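This note's numbering runs 126 ahead of the 1-based position in the sequence shown.
Note that beta-carbon positions come from the ideal geometry of N, C-alpha and C, so glycine has one too.
Note that this is a predicted model, so its numbers are computed, not measured.
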Amino acid sequence: MDIYPYLRPYLTSLPPETAHKATLKMIKWGLTHRPKAKPPEHLQSHVFGLKFPSPIGIAAGYDPNGDIINAAFQMGCGFTEIGTITPKPQEGNLPPRIFIDHDERCIIDASGAPSAGARAVKNNITAFLNGKHRPGGIIGINIAPNHRSQDPIKDYRALITMLGPLADYICINIKPPKTSRIKGLQSSDALPDLLNTLTKFLTQSCGHYPPPLLLKLSPDLNDQQLSHILQCAADHKISGLIVTSGTSTRPQSTPQTLIRHSGNLCGAALQTLSTQMIKKIYSQTQGSIPLIASGGILSPEDAYARIRAGASLIQIYSAMTFHGPKHTDYVNNYLAEQLKRDNIQNITQAIGIDTRK
């Protein structure tokens, strides 16, 4: 039974975090929409050596502690990214820290990456992996040091040691130097040293077949920073890029109701920035590195447009907030219909069609 449509008017009247936690519980308890069939086979793809049942996944932040892994795959998601995960639990910033304009479909996230900690996430992933009749899907983890860490490198080692063997892929966030809080380690300037260190940790913890390492890019990177990151990604054989996180800037499309709040802007106002970066990276790399589109993907049409722009996979977050858990099924069905209409045999054949023109 799907009770979400009946409760949505009430949920939108609640503080955003309260509504989100309630939605996660409904998803976990099976009280939201479940597709009757698996995603169509022509939506399957192999990306960085992994088989994705669907190109649609849940972005980091929606399920920060891995509470709905099983349910996410039952909803038709091909993958889910848990996080951001820190070694020790951290509460993040003081509330209110999430601000939403439902009419303009925009969100500002100033949460500060609250996390239950690596051990809690490990328990959730292990419980899923040990479950009977578990649905197929890819588990990604987004990791970062604790905000007040005195030794971020030690934090990365702890995270990779504990969670690396359980994850299908690992992602870290890359930010412009001025916005990176973690002593520059996650900034584009310090990237080569960080990637050398992480690659070493992955080999030590996971042997000869470590999980793919991905970088999540900020839309606030300038052209020089982006070119530097792309070169580093090529030099260190990074498996893929997630494009993009939220923006700390305030584009003209930012709703007046949100413009005074600090934090990362997500949702509709991010669409243009994120799509432009997908096209730019796909063109500069000639499609040589897989891209996961994230940011401002609010409709099935948006998802298909990002794939045609150059994305191999799609992550959604804001769309789940504005449209509910049933949205993943809508997107899968729409993509299947569009491929048929465009006479495309498999979703991989649509990647970058519009950018290559």
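- Setting aside the 5 residues that flank it on each side, Y188 is surrounded in the same chain by Y443 and M446, each with a C-beta closer than 7 Å to its C-beta; the list follows chain order.
- Per DSSP, the beta-bridge partners of K177 are H172.
- Listed in chain order, the non-local C-beta contacts of R434 below 6 Å within the same chain comprise A476, I479 and D480, local neighbours out to five positions each way being set aside.
- For V457, DSSP assigns no beta-bridge partner whatsoever.
- Here K342 is not near I279, since their CB atoms are 8 Å or more apart.
- The three-state reading of DSSP puts Y408 in helix, counting H, G and I together.
- A direct Cα-to-Cα measurement between I368 and A419 gives close to 6 Å.
- DSSP, reduced to helix, strand and coil, places N272 outside both helices and strands of the structure shown, so it counts as coil.
- Taking 8 Å as the cut-off, the beta carbon of K405 is found closer than this to the beta carbon of G436.
- Note: K342 is bridge-paired with N299 and I368 in the DSSP secondary-structure output.
- Ranked by Cα distance from T370, the options A186, Q216 and L157 are led by A186.
- Taken through DSSP and simplified to helix, strand or coil, Q382 comes out as coil.
- C-alpha of I184 to C-alpha of A198: approximately 8 Å in a straight line.
- P190 sits close to G209, with the two beta carbons spaced by under 8 Å.
- Counted as a single uninterrupted DSSP element, the beta strand (DSSP E) harbouring E207 occupies residues F205 to I211.
- Within the segment 208-261, the runs of beta strand (DSSP E) that reach at least 3 residues and sit entirely inside it are, in chain order, 224-227 and 232-235.
- Apart from sequence neighbours up to five positions away, the residues of its chain that approach T411 with a beta-carbon distance below 7 Å are L356, ordered along the chain.
- Contact between the segment 456-463 and the segment 261-270 is absent, with fewer than three C-beta pairs closer than 8 Å.
- Judged by DSSP secondary structure, A284 falls outside any beta strand (DSSP E) and instead within the alpha helix (DSSP H) spanning P278 to L289.
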